[in-house]
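**Q** The sequence shown runs 1 to 701 under full-length UniProt numbering.
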Amino acid sequence: MTGATATLLVELLTEELPPKALPRLGETFAAKIADGLKAKGLAAADAAFRAYASPRRLAVTVAGVAAQGTAKEVTEKLMPVAVALDADGRPTPALRKKMEAKGIAADAVAGFERRIDGKAEALFHTAVVPGAKLAEVLSAIVHDAVKALPIPKVMRWGDGDATFVRPVHKLTFLHGADVVPGRVLDLDAGRTTRGHRFMSRGDIDIATADAYEPTLLAEGKVIPCFAERRADIERQLLAEAARQGARLGATKEDYADLLDEVAALVEHPTVYVGQFEAEFLAVPQECLILTMRANQKYFPLFDDAGTLLNRFLIVSNMRVADPSNIVSGNARVVRPRLSDARFFFEQDKKQKLEARLPRLAPVVYHNKLGSQLERVGRLEVLAGAIAAQLHGDVAAAKRAARLAKADLVTDMVGEFPELQGIMGRYYALADGEGQVVADAIQGHYQPRFAGDALPAGNVAAAVALADKLDALVGFFGIGLLPTGDKDPFALRRAALGVLRILIETPLPLELPKLIETAAAGFKPGLLGAEGFAAQLQDFMLERLKNLLRETGRDGAVVDAVLALEPARIDLVPAKLAAVEAFRALPEAEALAAANKRIVNILKKAAAAPGEPDIALLQEEAEKALFHQLVEVAPLVDSHVANEDYTDALCVLAGLRTAVDRFFEDVMVMAEEPLTRHNRLALLARLAGLMNQVADISRLSA
1 MTGATATLLV
11 ELLTEELPPK
21 ALPRLGETFA
31 AKIADGLKAK
41 GLAAADAAFR
51 AYASPRRLAV
61 TVAGVAAQGT
71 AKEVTEKLMP
81 VAVALDADGR
91 PTPALRKKME
101 AKGIAADAVA
111 GFERRIDGKA
121 EALFHTAVVP
131 GAKLAEVLSA
141 IVHDAVKALP
151 IPKVMRWGDG
161 DATFVRPVHK
171 LTFLHGADVV
181 PGRVLDLDAG
191 RTTRGHRFMS
201 RGDIDIATAD
211 AYEPTLLAEG
221 KVIPCFAERR
231 ADIERQLLAE
241 AARQGARLGA
251 TKEDYADLLD
261 EVAALVEHPT
271 VYVGQFEAEF
281 LAVPQECLIL
291 TMRANQKYFP
301 LFDDAGTLLN
311 RFLIVSNMRV
321 ADPSNIVSGN
331 ARVVRPRLSD
341 ARFFFEQDKK
351 QKLEARLPRL
361 APVVYHNKLG
371 SQLERVGRLE
381 VLAGAIAAQL
391 HGDVAAAKRA
401 ARLAKADLVT
411 DMVGEFPELQ
421 GIMGRYYALA
431 DGEGQVVADA
441 IQGHYQPRFA
451 GDALPAGNVA
461 AAVALADKLD
471 ALVGFFGIGL
481 LPTGDKDPFA
491 LRRAALGVLR
501 ILIETPLPLE
511 LPKLIETAAA
521 GFKPGLLGAE
531 GFAAQLQDFM
541 LERLKNLLRE
551 TGRDGAVVDA
561 VLALEPARID
571 LVPAKLAAVE
581 AFRALPEAEA
591 LAAANKRIVN
601 ILKKAAAAPG
611 EPDIALLQEE
621 AEKALFHQLV
631 EVAPLVDSHV
641 ANEDYTDALC
651 VLAGLRTAVD
661 RFFEDVMVMA
671 EEPLTRHNRL
681 ALLARLAGLM
691 NQVADISRLS
701 A
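Laid out in structure tokens, this is it:
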């Protein structure tokens, strides 16, 4: 870079931007502009930049930007010497044409460098290229950044051809105190912006790029940085909740998404307290919470026990001396919403869940997999079968599965689909269903997302597994598998739900048998995709592999355990722990290498070796290995049967000396067929014993 450097400011002043997309838009816009400046040599590779995103602006400041980049030498290959020069060493017409096209002076030939390039000699030209000028390239950099924004739909405004996610009204390019000339989105760059719609003093001239943030805050009443605005809102919310003797939720995750959205809706946040009539608290609090959060963007308040209070916090975009009009206005707005929720709840309770089942018949689950009512029939049978395997209450599991989808045709869930299952539980209790059945109706959707709680109890677990397995088996069975990042039926989430329930509860169920049982519930011939059960099992084991690695498990250890395609997912953690303990033993590497060698030898064997014959053993080393296998096999089998996997692998570690000696003294592939076959049988017996817990060969480097 040449000359003095200064901070660069780029700002787009727009109409209100989509709130949920705002943080990503701001980060992408800033990063793309910074990257563009660095690519042109106008900013250092480690130049700091600061992103700004408010409801009506995207902006970035980049430190240490030069008005012009540093000139640099650029060497380029022109053409092979044999083509460029004639027999007398003079330029050929081909070379002169190339020089003219590149703007190289005719007398520059003498300065060309000749050097070997591959197998031939070529001519190279070196020239000094002046650095890029900020004024000449900034518009193109900003234009490219705008085009790279993650905008699904654009709009056009006015008489121009410019398109953006929202109309853009002003463009600011400031390098230090100087306006950088440029034009983007049919707007000429300047230094003027606008602040808050109501609290600002009007158009604001930014004196310097470094003055952008403090000027907007002081004169425009705007906190332009999204992260700082979000932090300020959270600080105010927590402080006000504390003054009310209340909480915003059990954890930060309860209100994090709403906080993100509200931070994208306001420029100058101020928190006020509102309230509603206590009589509305007779409605299930989940309904009221969803109404306030989703529709009104209010923050409900809770007592220490997690019970909803009839107060809420409003994040206003106005700071006024007397907020009574704001508070009363918001209370008037929320009251009809709460009244609607109460009306839906009271109306829904007039009809039992059981009576709603016929209304599921016309609701299509999938055109190949039938209606929701047909699905309920499958879930009822499958949940009962799983509960029986768990020695749980089969009748309760079948009853919960039968009623699990009935709330889909209630008014409340029709208005708030997020409440499915939750409202089913309330309505089941109102119908006089047992607590276990009601809890299972809500719990069968769990886990809904990563980190969500699991269904509690065998009945809820049985219904949850049935729900997810029916979906997985059904869609795999008709050939609708997830592809790439497309998963329209949320099968990855369903698979992870099954795995988490099996592994974390834990439940002693075999995955292949669960898949088989679920498939049996569909009409004969419906699931026509060839080999779908094996595909589904592979799919789930792949999800399990990713899940375990994400929790910090060693990749080689995970591969070793899952290579055996374990049927009992609940036993996987114990096997992982055992393999990790085995891997720490001094004998582990040698045994893993030997196991890998055995696997390769057995793969090349013409036929299955069968059992080794003691009468055919010749060498002392093979006799010793045989006798040790006979001695330790019952102990290893006992440990495995008792799920004492660490003890089993520790016993196997004692075979190292005998295994090493075998490979040192014995030729496995002997010429005599019986001897060779017997030694292969001995190795097969060893491999079978060693690989009951995991494929130990996967641990070999």
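Just so you know, even glycine gets a beta-carbon here, dropped at the ideal spot from N, CA and C.
Just so we're clear, the structure is a prediction, and the values are computed from it rather than from any experiment.
Residue range of the alpha helix (DSSP H) that E550 falls in?
**A** As a position in the sequence shown, residue 550 is number 550, starting the count at 1. Segment F532 to E550, the alpha helix (DSSP H) holding E550.
**Q** Skipping 5 residues on each side, what residues in its chain have a beta carbon closer than 6 angstroms to that of A59?
**A** Reading the sequence shown from its first residue, position 59 is the one you call residue 59. Excluding positions up to five away in sequence, the list reads E11 and Y52.
**Q** Apply the 10 Å Cβ neighbour rule to N595 and answer buried if 16 or more other Cβ atoms are within range, or exposed otherwise.
**A** Looking up residue 595 in the sequence shown gives position 595. It counts as buried.
**Q** Would you tell me roughly how many angstroms separate the C-alpha atoms of V579 and A256, rounded to the nearest one?
**A** Residue numbering aside, residue 579 sits at position 579 when the sequence shown is read from its first letter. Residue numbering aside, residue 256 sits at position 256 when the sequence shown is read from its first letter. Distance between the alpha carbons of V579 and A256: 39 angstroms.
**Q** State the DSSP-derived secondary structure class of K486, mapped to helix, strand or coil.
**A** Position 486 of the sequence shown holds residue 486. K486 falls in the strand class under three-state DSSP.
**Q** May I have the straight-line CA-CA distance separating F312 from V262, to the nearest angstrom?
**A** To locate residue 312, count along the sequence shown from 1; it is residue 312. To locate residue 262, count along the sequence shown from 1; it is residue 262. Cα to Cα, the separation comes out at about 14 angstroms.
**Q** Between A653, A567 and E643, which lies nearest to A584 when the distance is taken from Cα to Cα?
**A** Residue 584 sits at position 584 when you count from the first residue of the sequence shown. For the residues A653, A567 and E643, the minimum Cα distance to A584 belongs to A653.
**Q** Please list the terminal residues of the continuous alpha helix (DSSP H) segment that includes Q628.
**A** Position 628 of the sequence shown, counted from the first residue, corresponds to residue 628. Counting along the chain, the alpha helix (DSSP H) containing Q628 begins and ends at E620 to A641.
**Q** Got a sec? Which residues, its chain only, sit under 6 angstroms from A440 by beta carbon, not counting five neighbours each side?
**A** Reading the sequence shown from its first residue, position 440 is the one you call residue 440. So the list reads A400, V459, A460 and V463, once near-sequence residues are dropped.
**Q** Helix or strand or just coil, what does DSSP make of G64?
**A** Numbered from 1 along the sequence shown, position 64 holds the residue referred to as residue 64. Note: G64 maps to strand in three-state DSSP.
**Q** Since I believe A684 is in contact with R661 (beta carbons under 8 angstroms), could you give me their beta-carbon distance rounded to a whole number of angstroms?
**A** Residue 661 sits at position 661 when you count from the first residue of the sequence shown. Residue 684 sits at position 684 when you count from the first residue of the sequence shown. Not really, about 19 angstroms apart at Cβ, beyond 8 angstroms.
**Q** Between T5 and V62, which are expected to be in contact by the criterion C-beta below 8 angstroms, what is the C-beta distance as a whole number of angstroms?
**A** Here residue 5 is taken as the residue at index 5 of the sequence shown, counted from 1. Here residue 62 is taken as the residue at index 62 of the sequence shown, counted from 1. So it is not a contact: roughly 10 angstroms between Cβ atoms.
**Q** Of all the beta strand (DSSP E) runs that stay within the bounds of the segment 335-420, which reach a length of 3 or more residues?
**A** 364-366, all fully within the segment 335-420.
**Q** Would DSSP call T657 helix, strand or coil?
**A** On the sequence shown, position 657 is the one that residue 657 refers to. Helix, per DSSP.
**Q** Hey, L629 and L571 are a contact pair by Cβ (cut 8 angstroms); roughly how many whole angstroms apart?
**A** As a position in the sequence shown, residue 629 is number 629, starting the count at 1. As a position in the sequence shown, residue 571 is number 571, starting the count at 1. Rounded, the Cβ-Cβ distance is 24 angstroms, inconsistent with contact.
**Q** Given this structure, state the Cα-to-Cα distance separating D186 from A162, to the nearest angstrom.
**A** Taking the first residue of the sequence shown as 1, we reach residue 186 at position 186. Taking the first residue of the sequence shown as 1, we reach residue 162 at position 162. Going by the C-alpha atoms only, they are around 6 angstroms apart.
**Q** Mind checking which residues open and close the beta strand (DSSP E) that includes L174?
**A** To locate residue 174, count along the sequence shown from 1; it is residue 174. Where L174 is concerned, the enclosing beta strand (DSSP E) stretches over V168 to H175.
**Q** Suppose contacts are defined by Cβ-Cβ distances below 8 angstroms. Is R56 in contact with E100 by that definition?
**A** By one-based count along the sequence shown, residue 56 stands at place 56. By one-based count along the sequence shown, residue 100 stands at place 100. Not a contact, by the Cβ cut-off of 8 angstroms.
**Q** Report the three-state DSSP secondary structure of S54 (helix, strand or coil).
**A** Position 54 of the sequence shown, counting from 1, holds the residue named residue 54. Residue state, collapsed to three classes: strand.
**Q** For A127, which beta-bridge partners are listed by DSSP?
**A** To locate residue 127, count along the sequence shown from 1; it is residue 127. Beta-bridge pairing links A127 to V74.
**Q** Check the DSSP bridge columns for S316 and list the partner residues they point to.
**A** For the purposes of this step, residue 316 is identified with residue 316 of the sequence shown, where counting begins at 1. DSSP output for S316 lists T270 as bridge partner(s).
**Q** Within the same chain, show all residues whose beta-carbon is closer than 6 angstroms to that of P323, passing over the 5 residues directly before and after it, in chain order.
**A** Translated into the one-based positions of the sequence shown, residue 323 becomes position 323. Here the set comprises Y272.
**Q** Taking the alpha helix (DSSP H) that F582 belongs to, which residues open and close that run?
**A** Walking along the sequence shown from the start, residue 582 turns up at place 582. It spans V572 to R583 - the alpha helix (DSSP H) in which F582 sits, taken as one unbroken run.
**Q** Do R342 and V409 count as a contact pair if the criterion is CB distance below 8 angstroms?
**A** The residue labelled residue 409 in the question sits at position 409 within the sequence shown. The residue labelled residue 342 in the question sits at position 342 within the sequence shown. No, these two residues do not count as a Cβ contact at 8 angstroms.
**Q** Which of helix, strand or coil does DSSP assign to F663?
**A** In the sequence shown, residue 663 corresponds to position 663, counting from 1. Three-state DSSP puts F663 in a helix.
**Q** Note the first and the last residue of the continuous alpha helix (DSSP H) segment covering G555.
**A** Here residue 555 refers to the residue found at position 555 when the sequence shown is read from its first residue. Unbroken alpha helix (DSSP H) run through G555: G555 to L562.
**Q** By Cβ distance, which residues of its chain are closer than 8 angstroms to A621, with the 5 residues on each side in sequence left out?
**A** Numbered from its first residue, the sequence shown carries residue 621 at position 621. A658, R661, F662, E664, D665 and V666, listed in sequence order.
**Q** For L526, count neighbouring Cβ atoms within 10 angstroms of its own Cβ and tell me buried if that reaches 16, exposed if not.
**A** Walking along the sequence shown from the start, residue 526 turns up at place 526. Burial call: exposed.
**Q** Spell out a yes or no on whether the segment 538-550 and the segment 558-566 are touching, meaning 3 or more CB-CB pairs, one atom from each, closer than 8 angstroms.
**A** The answer is yes - the segment 558-566 touches the segment 538-550, with three or more Cβ pairs under 8 angstroms.
**Q** Give the DSSP-derived three-state secondary structure of I116 in the structure shown.
**A** Numbered from 1 along the sequence shown, position 116 holds the residue referred to as residue 116. It is a strand residue.
**Q** Q236: which of P269, E253, I204 and A211 sits nearest, CA to CA?
**A** For the purposes of this step, residue 236 is taken as residue 236 along the sequence shown, with counting starting at 1. Among P269, E253, I204 and A211, the Cα nearest to that of Q236 belongs to P269.
**Q** Which residues does DSSP pair with P300 in a beta bridge?
**A** The residue labelled residue 300 in the question sits at position 300 within the sequence shown. P300 is bridged to F312.
**Q** What's the gap between the Cα of S328 and the Cα of E240?
**A** Counting from 1 along the sequence shown, the entry for residue 328 is found at position 328. Counting from 1 along the sequence shown, the entry for residue 240 is found at position 240. Rounded to whole angstroms, S328 to E240 spans 18 angstroms at the Cα level.
**Q** Compare the Cα-Cα distances from T505 to each of L454, M412 and I422 and report the closest residue.
**A** Here residue 505 corresponds to residue number 505 of the sequence shown, with the count starting at 1. Checked all of L454, M412 and I422; the closest Cα to T505 is L454.
**Q** Relative to the C-alpha of G474, which candidate in K575, G434 and T517 has its C-alpha closest?
**A** The residue you call residue 474 lines up with position 474 of the sequence shown. When each option's Cα is compared against that of G474, the closest is T517.
**Q** Could you tell me whether the segment 303-312 touches the segment 274-286, where touching means 3 or more Cβ pairs closer than 8 angstroms?
**A** With a cut-off of 8 angstroms, the segment 274-286 and the segment 303-312 count as touching, because enough Cβ pairs lie within range.
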